[in-house]
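Below: one structure, written as structure tokens.
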Amino acid sequence: ALLVLVTLFLVMILIQLLYNVLFPVLLWCLMLVTLFLVMILIQMLYNVLFPVLRWCLMLVTLFLVMILIQLLLLPFPSEEREDTHFQFLRRSREPIHYLRPKNMTTLVDPQYFCDNNHRLLIMVASAPSNTEQRQAIRETWGQANFEIRIIFFMGRSSDGANDMVERRLESAKHGDIVVEDFIDTHENLTLKTLFMLK
């Protein structure tokens, strides 16, 4: 388009010069030739640019159609009851099901996890059966006079309700246990680490 304007400007200057010097007939001929050249230039630009613009429009349309199809085919968030959702989580080993922030997966959670009095949080991976080891940590370096907070992370035990009662009592006494809703086994150490990051 800029080339067309520059060409027209130069042609008009040339025409003005010729108009003052040459006859009006020659001027009309020159104007017709200029118009013809401009039309050829416009036709060339149209032939070059139109296919490119047409392909761009087709790609944008295809992209929008793909987004619409994905929106229509993706499942909406389920409105299942919470206990049904936990049953699904207990069978799943996919980390994404556990780590979504909206999925509350903790079975035991300390009341006051962090406050302004603590400058350092130490997360300790533990097993439900390691009660004595947790107590040893609490009584040794865990009770140092530093501004630290120790949290023990674990999954639930495979023996079920009896162990959960013990974990709740221990949490009520010490306030430093987080129990997540997965079976605490060696194969699930990755899940435990991901929960610690969550």
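The opening position of the sequence shown corresponds to residue 3 in the numbering used here, with each subsequent residue numbered one higher. Backbone N, C-alpha and C fix where the C-beta goes; we use that ideal spot for every residue, glycine too.
Are residue i and residue j close, meaning C-beta to C-beta below 9 angstroms?
i      : j      : result
Ile185 : Phe154 : no
Gly144 : Glu182 : no
Thr36  : Leu66  : no
Met33  : Ile17  : yes
Arg151 : His120 : yes
Glu189 : Thr133 : no
What would DSSP say about residue i, mapped onto helix, strand or coil?
i      : result
Met68  : helix
Glu81  : Summary for Glu81: the model assigns pLDDT 43, below 50, so the residue's position carries little reliability, and this model does not support an answer.
Asp161 : coil
Pro53  : helix
Arg102 : coil
Ala174 : helix
I need the boundaries of the beta strand (DSSP E) containing residue i, first residue and last residue.
i      : result
Met156 : Ile150 to Arg158
Ala127 : Leu122 to Ala127
Thr108 : Thr108 to Val110
Asp183 : Ile179 to Ile185
Have a look at residue i and residue j and give me their C-alpha separation to the nearest angstrom.
i      : j      : result
Met14  : Pro53  : 31 angstroms
Ser131 : Leu64  : 57 angstroms
Ala129 : Leu193 : 13 angstroms
Met166 : Ser159 : 8 angstroms
Gln45  : Leu59  : 21 angstroms
Leu47  : Leu12  : 19 angstroms
Leu39  : Val6   : 10 angstroms
Phe197 : Trp57  : 48 angstroms
Lys200 : Asp111 : 13 angstroms
Leu4   : Leu55  : 18 angstroms
Ser173 : Thr195 : 20 angstroms
Asp161 : Arg102 : 27 angstroms
Cys31  : Val62  : 46 angstroms
Leu191 : Arg170 : 22 angstroms
Could you give the residue range of the alpha helix (DSSP H) that holds residue i?
i      : result
Glu141 : Thr133 to Glu141
Lys194 : Leu191 to Leu199
Using beta carbons (cut-off 9 angstroms, strictly below), is residue i in contact with chain D?
i     : result
Val40 : Note that chain D does not occur in the displayed structure, where there is just one protein chain.
Contact the stretch 105-113 vs the stretch 123-133: 3+ CB pairs below 8 angstroms:
no
Count the CB pairs spanning the stretch 136-144 and the stretch 51-71 that are closer than 8 angstroms, and state whether there are at least three.
no
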